[in-house]
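Numbering of the sequence shown is given in my numbering, commencing with residue 897 and proceeding in unit increments.
Glycine included, every Cβ here is placed at the ideal spot set by N, Cα and C.
Please read these numbers as outputs of a predicted model, since none were measured by experiment.
Accompanying notes for the structure given below.
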Amino acid sequence: MVRVAIIGATGYTGAESIEILLRHNRAQIAYLTALKDLGIISEIFPQFKGRCDMAVEPLDLEKLRDCADVALCCLPHKVSMEYVPKLLATGVKVVDYSADYRLKCTSAYEKYYSTEHTDKDNLSKAAFGLPELFREKIRGANLVANPGCFPTGASLGLAPLLKNKLVSLKGIIVNAVSGTSGAGKTPSAAFHFPNMNEDLFAYGVGVHRHSPEIEQIASEVAGENVEILFQPHVGPFDRGIFSSIYCDPKKEMNQLELIELYRDFYKAEPFVRVLDNPVHIKHVAHTNYCHIFPTFVKGKVVVFSAIDNLIKGASGQAIQNMNILFGINEMEGLR
Ligand SMILES: NC(=O)c1ccc[n+]([C@@H]2O[C@H](COP(=O)([O-])OP(=O)(O)OC[C@H]3O[C@@H](n4cnc5c(N)ncnc54)[C@H](OP(=O)(O)O)[C@@H]3O)[C@@H](O)[C@H]2O)c1
897 MVRVAIIGAT GYTGAESIEI LLRHNRAQIA YLTALKDLGI ISEIFPQFKG
947 RCDMAVEPLD LEKLRDCADV ALCCLPHKVS MEYVPKLLAT GVKVVDYSAD
997 YRLKCTSAYE KYYSTEHTDK DNLSKAAFGL PELFREKIRG ANLVANPGCF
1047 PTGASLGLAP LLKNKLVSLK GIIVNAVSGT SGAGKTPSAA FHFPNMNEDL
1097 FAYGVGVHRH SPEIEQIASE VAGENVEILF QPHVGPFDRG IFSSIYCDPK
1147 KEMNQLELIE LYRDFYKAEP FVRVLDNPVH IKHVAHTNYC HIFPTFVKGK
1197 VVVFSAIDNL IKGASGQAIQ NMNILFGINE MEGLR
């Protein structure tokens, strides 16, 4: 059994991670930590009553060293890079959910996150945890940077086109909508129910933090520099990310060939389904699946992708990565 600590267990992604681990046959929850919301986890999240009644404690590194093999680090960015070096020093493997170990270019990190990167040593060693594209690098890692939710949906939608050099690398647009759980548990005026309910708006116009991450993945897959116009929106639903991706084709293809290309690219992937019709966030809610529908509209390739931001966009993908790290079937806990 792999012994799992959840650092930041009282947040949205921490709770989703507990839920998945309770179904996992090869891993067990060993330690739950937080900063302010301490107590019994099933009193904080009553859905765990009788299923997980463990204490949530402040992090004690000696205890972590004794009780865990891996830490799922569900902390906010900037906070993560204070904790991760200490977690790694105890000998556990770490899957980090934050943005702190995703961007290889520290100047991009410092520009988009307005802070100096304080753990460049571990940043250079971190594997980027998008299994469908970088599985081999994840396998031997001690630290996995779990991707952002928008970058997961966008990259899985774009990768077959970029890898096969089928679209122009100029003028790619990713237009995406997230549910409100993407913002985490801390309340804010914009997400207050009467404000958010029946509303939908664009945010981070031209400056969203996931832009450089989407471009980093796209450039690695394409083998050359790719610039992408990424525009996120938030809509009045709890969970899900719906992305519409627009590109200019470089090669003549018909609809059947396009679908076949995607099916072939993802044929060995347990969590990517290529559909013949537009995708829905409801169809992937509470699952680790990404649904993709590629098509042509007025001479452009248009790809729609849908994921659950809390599962394939965070906790599910993290546990998929944990499974890879420990040689466990990737679908364990996520079926
Ligand atoms: N939400 C999503 O859809 C999503 C998707 C992909 C990636 N992520 C990333 O995953 C991470 C967690 O997101 P979330 O939505 O779960 O956030 P959240 O709901 O705000 O939860 C944050 C957790 O971190 C703990 N925490 C905060 N500051 C801390 C500190 N200084 N020291 C120790 N613990 C601290 C909180 O503990 P207390 O109970 O003590 O406050 C809480 O358990 C973030 O980096 C986020 O960007 C989130």
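Nearest to Glu1228 by C-alpha distance, out of Val1199, Asn1184, Ile1203, Phe1200, is Asn1184. Nearest C-alpha to Cys1143 among Thr1191, His1176, Ala1181, Leu1096: Thr1191. A Cβ-Cβ distance of about 5 Å is found for the pair Ile1203 and Gly1049, placing them in contact under the 8 Å criterion. Within the same chain, and ignoring the five residues on either side of Phe1200 in sequence, the residues whose Cβ sits closer than 6 Å to its Cβ are Ser1140, Pro1174, Val1175, Phe1189. The closest heavy atom of ligand 1 lies less than 7 Å from the beta carbon of Asp933. Judged by DSSP in its simplified three-state form, Ser1201 adopts strand. Here DSSP, grouped into helix, strand and coil, assigns Tyr927 to strand. Put simply, the backbone Cα of Ala1055 is about 7 Å away from that of Ala1114. Taking non-hydrogen atoms of ligand 1 into account, the C-beta of Val1168 is found less than 7 Å away from none of them. Take the alpha-carbon of Gly935 and the one of Leu1171: they are about 44 Å apart. Under the three-state reduction of DSSP output, Asp933 falls in the coil class, being neither helix nor strand. For the pair Ala926 and Ala901, the CB atoms are nearer than the 8 Å cut-off. Taking 8 Å as the cut-off, the Cβ atoms of Val966 and Asp1015 do not count as close. At a cut-off of 7 Å, the beta-carbon of Cys1186 does not count as near ligand 1: no heavy atom of the ligand is closer than that. Under the three-state reduction of DSSP output, Thr1002 falls in the helix class. Around the beta carbon of Thr906, 16 or more other beta carbons lie within 10 angstroms, which makes this residue buried.
In this structure Cys969 does not touch Tyr1005 by the C-beta definition: roughly 17 Å separates them, more than the 8 Å allowed.
Taking C-alpha positions only, Leu1029 is separated from Gln1213 by approximately 13 Å.
Pairing Val1193 with His1187 gives a Cβ-Cβ distance that is not under 8 Å.
Relative to ligand 1, the beta carbon of Ala995 is positioned inside 7 Å of a heavy atom. The region 995–1002 and the region 1084–1095 do not touch, with fewer than three beta-carbon pairs separated by less than 8 Å.
Each of Glu1120, Lys1147, Thr986 was checked against the Cα of Gly1195, and the nearest Cα belongs to Lys1147. At a threshold of 7 Å, His1104 does not count as near ligand 1, since its beta carbon sits no closer than that to any of the ligand's heavy atoms. Excluding sequence positions up to five before and after Val1168, its CB lies within less than 7 Å of the CB of Glu1028, Leu1052, Tyr1162, Cys1186, Ile1188, all in the same chain and listed in chain order. In this structure, Thr1082 has its CB closer than 7 Å to one or more heavy atoms of ligand 1.
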